[in-house]
Structure formats: C-alpha cells, structure tokens
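Here our numbering = 1-based position in the sequence shown + 16.
Read the structure below first, then the notes.
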Amino acid sequence: MTVSSVYYSNEHRRHLHDIEKLSQASAVLAQSHSHFLQATTAMASMTFLRDESYFQQFQREFTASRNAVEAARGIAASLGLWGDVAFLQQLGARMDVFHDGVERASTEFLRGDLFRAIEMGRQLTPESDAIAAELGAASDAWLAMVALERQSAERATWTALLIQAALGGFSLLVAAITASVFQKSILEPLAALRRAARAIAGGNLSVRAPVRGPEEMVSLAEAFNSMTEALIDRNRELERHIADLQQARDTIWRMAYYDPLTGLPNRHLFEDRLQMAMAQARRRGLQVGVLFLDLDRFKLVNDSFGHAFGDKLLRLVARRLGQAIDTGQTLARTGGDEFIVLLPDVERESEVEEAARRLLHVMQMPFELEGRELYVTASIGVVLFPLHGEDPQTLVRNADIAMYRAKESGRNTYEVYSALLDLGMVQRLSMESDLHRALQREELVLHYQPIVNVETGEIVGVEALVRWLHPERGVLYPDAFIPLAEDSGLIVPLGEWVLRAACRQAIAWQEAGAGPLFISVNLSPRQMRQELASVVAQVLRETGLSPSHLMLEVTEGAIMVEMERAISLLLSVRGMGVQACVDDFGTGHSSLSHLKMLPVDVIKVDRSFVWDMVGNRADAAIVASVVTLAQALGLRVIAEGVETEEQAALLRRMGCREMQGFLFSRPLPEAEMTELLARGRGLVPRAS
C-alpha cells in the first residue's frame, strides 16, 4: 500500500470514529432535552411543591438532564468542537441558576407562603422555556450533523477506493491531482455543511448550506436545507406551545389572586397589598384603613331566586362599590357576600368612617335585575392599622368582628372595632352553640298573647311567641337570639318547631272546649323558601288543625325584599285556607298602594305607631289611613302594642276592632293561657 493510500485509510477511520462520538453526543443531548421537558412539565403545574414524590421526580429528571449536558460537553471537547463546548458550558450554567430558583420557590412553600412560591415559579417560566428550546435545537442540529458526516464518510470511502486504484496504475502526480479534485469537490462542500450545522446548533437558523459540487453533494446540501426549514417549522410550533403554556400559567395566576365571579382581587391579593400598605405606612408615619362589608340577608336572595340570580346581583354590587372607592384604594371579594376595602395612607380615623358612610349611601338605591327591583343593604366593620392590629390576619379578623356588631346593631350601618367587641364575639359563638343544643334539649317554649275583639271582649286568637329557657342566662326573649338564628341558619328548624308546637297547642285547646280561635305564627325571612308551603301542609296533616285556624305573619320588610316570591308564597298558603297577615305594617319600604297587590287577609299595625298616636297627629293619621284602606280592600286590621285605654278608644273610633297588647294581657305561658281560656273567651281589659 502506498503512503497516500495509508493516509486516506487513516483519515477515513478517524472520520468514522468522530461520527460515532458525534452520534453519541446527539443522543445524549436528546436525552437531556427529554428529561428537562419532564422536569419543567411538573414545575408548570406546581404539583411538585405540594407532593414530595413529585418534587423528588422533578429533582431526578433535572439531574439527569444536567448530567447529560455535561457528558455532551465532554464529547464536544474530545472532538475539538470548542464553539459547542462553550455553548454547552454556558447552557449548563443557566440550568444551574434555574435549579437554584426552583429550590428557593420550594423553600418559600415549606415556609407556608404558597402564593409567593407560585409567583417565583411563574418568574422562572420564560427561562425554563428558553433552555428547553435550546436543548431541543442543539440535539436536532447535532443529529443533522451526524447524518451529513455519515453520507460524507460513505462518499469518502468510495473516493478512496478510486484513488487507490488510480495510484496502482498511474503516477503520484495523478494521485495528487485526484486528491486535489477530491479536496475541492467533496471535502470543501462537506466543511461548509459542517459549519452550517454548527451555526444552526448555536441558534442561527438563517444559515443555509451552499448548493454546489457533484450531484451527490448537491442532493446532500438540498436535503440539509430542507431539514433546516423543517427545524424552523418545529421551532414555530414550539413557540406556539410555549405561548399556550404561558397563557395557561397566566390563567392559573389569575385564579390564584382574583375572584372569578366579579373579577375583583381575592383575599390573598388583598392581604399582599395590605402588607405593602402597612410597610409604607410605617415609613411615612401614617395609618391604613380596612372596611369589611357583608351584605344584609343576602342568603334570602339565594334561597328565593337561586344562586345564579344571586351571582348576577353580586356582580352588580361589585360594580357599584368599585365606582364608589377612590384611586389607589383596593376593593376585594373575600367570598360569599363579603367584600373588603383597603384604604392606604390614612391620616385621620374620620377618613375611614367617611368612606364607610359613602359605601352605605351607594347601597341605598335599589338594584334592577331581571325585571325585579331589589333593596340590598350592607353592614360594615372598620379597623385601622396599627391601632387595631399589626398584621393582615389580625386586622381582617377584627374588621369581621366589628361587622358582626354592626349587624347586631340593626344592619345597614358601620361599627369601628374596639377590644370590647372581642368579648361580644366569644359570647356570640357560645350562644350559637347553646342554641344548637337548645333544640335538642327542649329548652324552647311558647308563650301566647291573646288577640281580642274589642266589640265583644272575646279572645278570637292568640299569637305564639318563642322563649328560650337558657340554663345559665334564664329566660331569653326573641330579640336576644332570633338574629343569631337567622345568621346561622338555625331559624329554619327553629321556625318549624314553633309552627308544629303552636298547631298542636291550638288543637289541644279546641279539644278542651276553647272554641275555634286561630293561632298566629311568625315567619322569618329565611323560612320564606319554596318548601315552606309543603311544610305547612305537612304540619296541618300531622296535628289535624283546620287551615282556617292558622294565621301566618310575614313582616312588611321581608315582603318588600322579595315581593314576587312573597306573593307566590302567600298565594300558596292561602290556597290551603290558611290566613295570611302582614306584620309591622308601616315600617318598611312599601306604600299604602302596595296593599292591593298583597294576597293577605289581615294587616297588623306596628306598635311604634300605636304607642305615639295619642299625642302625635302624624302617627294617628297614618294609622287611620291604614285602617280605612284595609277596610276598603276587605282586610281585617289588628293593632298591636295597645297599652292604654286612650289608645284603645282612639283605635275603636278609627274602626279598628281587633287588638293585642299589655292592656289586655301580657304573653302567657301555656299553663296560664290554658287557665285563661278555661274561664271563658271573654277578656276584660287590664287596668292601665
């Protein structure tokens, strides 16, 4: 064998060896890319923070990817591909920085700051996408280089055989000429292809291989360029996938920090902003105000019209409240019917109270929704940093306590927190627990107040009034526990118990010979739901009481909150033969003209008008108007709260025939009421 043939044989073997190393490096990079994608997929869902097994999987996949990059760098160094070595070294360093960021996010999660951990993960997303894209591009480019080098090797083998044959029959000059031709037609185009492949591996996808040389080299260059175009298409698809991932992450971010129903910030974002406002207030020597707002009796809306209707109303409330706050303030929805407002940079407490009054004012106007006009009020708790708390959780808790105090004060108002309210909240929670047990321990009893026809002096009916025989607090009247029962939902079982016990007692009196007097039972707003008519029908069947001997009282305020629902309910019970009564008439939002719309039998004039009408001409005129209009509509009128002969005489002159109040009898326990009825149904007014 000649020197030249030995040279070409050795070069060919080295070329094949390099191709195998390059192929190994390409496979290693492909593995690195696959492992890294699995690691970042786990990170994208953030499940690795919540589950230790997921986090361990993330660590394994990332470590495998990082080790593969290091292995590929070693192969590139052995081949003398120093540009690729530098690229992989830089990529590995970026992967290390990325991993450190993930470790910090995990540390924040373990400390309990989930949302900061998610935010840190979100900030790492662009870098993870870039690393994944570069790993994929490098792997594809090296794979292309392997294909090119293999074809080059095959071509070089064929050419070497020709050269050896030529050298066997011709002179060294011919061999040199042949080698020169081989250099220009084969090796130089291959070198150009190799340079193009390395440029693409470095991220420059605009490079194209020169199309020149023998037919085989032209085909090879065209195939290389087609592969580059396919790589560009794949990158575009990858970019679209990254954009979709970014959009999904943004959606997760919005779900984590914003209320999906109203679009307002949620509690977590509110507390973050509160934390920043507190830090700023400390530096400036200012205060921060927090208003905790809860809609009054909003459960009644959901019970009456459904949750879809309630959700629409909440959006309207959010919009109206948002228009009432100033720039720089934050309105958030913390859940249900609760909203919270952040007022930064407060100088005086009066600023916060003025903001509370402004919110109450904008809630006075009715809401129009689906053809209905609804009045929705709110109760507001007010706190100030640092006076009422030095961390977000304490401030929100104390604002919540103050809000409940506002509800207990009559609703539609605001209350500023004080330490005394904490004691009240503890007592409230204790009372709620006691009320749960009261239903089970039979601590509730009914007292009965007679309703008298003043023309005959005869008891025509009795109103059932619940009392709570508390084992420690003694006898509690409705004002002490009915609002609590309303808020906690206990009013529904409590109301059903009152209805059933009253009907049973009415039957017992009738069987004892008391005659056909009616029993009157009050309904709470929470009881005015779709199932009430069936509950009434069931109780009447169980007790055997005639429907005409039962009267259900609904307050004017409850009717006006949901007039259509109330009218439907009243029509249902009247259809059974049950009497319907509007209680506390004159104290709500209605006018006398509403009377003709209500399917009722009886109007009860509120005691507040009766008390003052003797010396107050305005109250007397109101009562006279109610009596006259009710009689014109064929309705009976009962005046409650009658305590003096003067009041009774004035009511009689107005045409009112049925009355109840201390002038005739206080509410009596069952035994005393039974004894009174046993003496006969005639009742002489008590001395005033």
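Built from N, CA and C at the ideal position, the CB exists for glycine as well.
Every value quoted in this text rests on a predicted model; they were computed, and no experiment measured them.
Can you say whether residue i is buried or exposed, counting buried as having 16 or more other CB atoms within 10 angstroms of its CB?
{"i": "Gly524", "result": "First, the amino acid is wrong: residue 524 is Ala here, not Gly. Flag for Ala524 reads exposed."}
{"i": "Arg581", "result": "buried"}
{"i": "Arg687", "result": "One point to set straight first is that residue 687 is Ala, not Arg, in the sequence displayed. Exposed: under 16 other Cβ atoms inside 10 Å."}
{"i": "Val113", "result": "exposed"}
{"i": "Gln296", "result": "exposed"}
{"i": "Arg702", "result": "Bear in mind that the predicted position of Arg702 carries a pLDDT of just 49, short of 50, making it unreliable; the figure below should be weighed with that in mind. With fewer than 16 other Cβ atoms within 10 Å, it is exposed."}
{"i": "Gly426", "result": "exposed"}
{"i": "Leu188", "result": "The predicted model places Leu188 with a pLDDT of 41, which falls under 50 and marks its position as unreliable, so this point remains unresolved."}
{"i": "Val357", "result": "buried"}
{"i": "Met271", "result": "exposed"}
{"i": "Gly326", "result": "buried"}
{"i": "Asn414", "result": "buried"}
{"i": "His404", "result": "buried"}
{"i": "Trp484", "result": "buried"}
{"i": "Met447", "result": "buried"}
{"i": "Asn282", "result": "buried"}
{"i": "Met292", "result": "exposed"}
{"i": "Glu406", "result": "exposed"}
{"i": "Thr472", "result": "exposed"}
{"i": "Trp174", "result": "With a pLDDT of 48 at Trp174, under the threshold of 50, the modelled position of this residue cannot be trusted; read the value that follows with caution. So Trp174 ends up on the exposed side."}
Leaving out the 5 sequence neighbours to the left and right, which residues in its chain are closer than 6 Å to residue i when beta-carbon positions are compared?
{"i": "Asp599", "result": "Glu569, Thr571, Lys620"}
{"i": "Phe314", "result": "Asp353"}
{"i": "Thr690", "result": "none"}
{"i": "Gly108", "result": "Val85"}
Provide the residue(s) that pair with residue i in DSSP beta bridges, ordered along the chain.
{"i": "Asp599", "result": "Thr571"}
{"i": "His486", "result": "Gly490"}
{"i": "Ile475", "result": "Val468"}
{"i": "Pro685", "result": "His463"}
{"i": "Val514", "result": "BP columns for Val514 are empty, so no partner."}
{"i": "Lys620", "result": "Ile654"}
{"i": "Asn538", "result": "Glu569"}
{"i": "Phe355", "result": "Leu309, Arg349"}
Could you name the residues of the same chain whose beta carbon sits closer than 7 Å to that of residue i, not counting the 5 residues immediately before and after it, in chain order?
{"i": "Leu365", "result": "First, the residue type needs correcting, since residue 365 is Glu and not Leu in the sequence shown. So the qualifying residues of the chain are Leu400."}
{"i": "Asn469", "result": "Val476, Arg673, Glu674"}
{"i": "Ala92", "result": "Ala41, Asp100, Val101, Leu104"}
{"i": "Ala422", "result": "Ser395, Ile396, Gly397, Thr429, Tyr430, Glu431"}
{"i": "Gly560", "result": "Ile523"}
{"i": "His605", "result": "Residue confidence is low: His605 scores 48 on pLDDT, short of 50, so the model does not pin down where it sits. Its coordinate-derived value is still stated next. Tyr391, Met576."}
{"i": "Gly185", "result": "Residue placement at Gly185 is poorly supported in this model, since its pLDDT is 43, which falls under 50; the coordinates are not used for a value here."}
{"i": "Ile341", "result": "Leu347, Val357"}
So what's residue i in DSSP terms, helix, strand or just coil?
{"i": "Val767", "result": "In this structure the chain extends from 17 to 704, so residue 767 is not present and cannot be described."}
{"i": "Gly90", "result": "helix"}
{"i": "Val412", "result": "helix"}
{"i": "Leu561", "result": "coil"}
{"i": "Pro281", "result": "strand"}
{"i": "Ala348", "result": "strand"}
{"i": "Glu691", "result": "helix"}
{"i": "Gln73", "result": "helix"}
{"i": "Pro382", "result": "coil"}
{"i": "Ala530", "result": "coil"}
{"i": "Glu547", "result": "coil"}
{"i": "Ser395", "result": "strand"}
{"i": "Leu107", "result": "helix"}
{"i": "Pro499", "result": "helix"}
{"i": "Asp327", "result": "helix"}
{"i": "Asp361", "result": "strand"}
{"i": "Arg388", "result": "strand"}
{"i": "Glu674", "result": "strand"}
{"i": "Leu667", "result": "helix"}
{"i": "Glu431", "result": "strand"}
For residue i, which residues of its own chain have a beta-carbon under 8 Å away from its beta-carbon, when the five flanking residues on both sides are left out?
{"i": "Ala553", "result": "Met592"}
{"i": "Leu455", "result": "Leu506, Pro509, Leu510, Trp513"}
{"i": "Gly344", "result": "Pro360, Asp361"}
{"i": "Met567", "result": "Gly477, Phe534, Ile535, Ser536, Val537, Val594, Gln595, Ala596, Cys597, Asp617, Val618"}
{"i": "Leu140", "result": "Met59, Phe114, Gly117, Val118, Ala121"}
{"i": "Gln339", "result": "Val378"}
{"i": "Gln263", "result": "none"}
* At least three beta-carbon pairs within less than 8 Å, the segment 340-360 to the segment 300-310 -> Yes, the segment 340-360 is in contact with the segment 300-310.
* Asked: Is the number of C-beta pairs between the segment 613-627 and the segment 581-598 that are closer than 8 Å three or more?
  -> Using a C-beta cut-off of 8 Å, the segment 613-627 makes contact with the segment 581-598, since at least three inter-stretch Cβ pairs fall below that distance.
* Can you find at least 3 beta carbon pairs, one from the segment 380-396 and one from the segment 275-295, that sit closer than 8 Å? -> Because the criterion of three Cβ pairs below 8 Å is not met, the segment 380-396 and the segment 275-295 do not touch.
* Could you tell me whether the segment 653-668 touches the segment 622-629, where touching means 3 or more Cβ pairs closer than 8 Å? => Verdict: yes, contact present.
* Tell me, please, whether the segment 285-302 touches the segment 359-376 by the rule of three or more beta-carbon pairs shorter than 8 Å. => Taking a contact to require three or more Cβ pairs closer than 8 Å, the segment 285-302 and the segment 359-376 qualify as touching.
* Asked: Counting pairs of Cβ atoms below 8 Å between the segment 451-465 and the segment 677-694, do you hit three or more?
  -> Contact holds: three or more Cβ-Cβ distances are below 8 Å.
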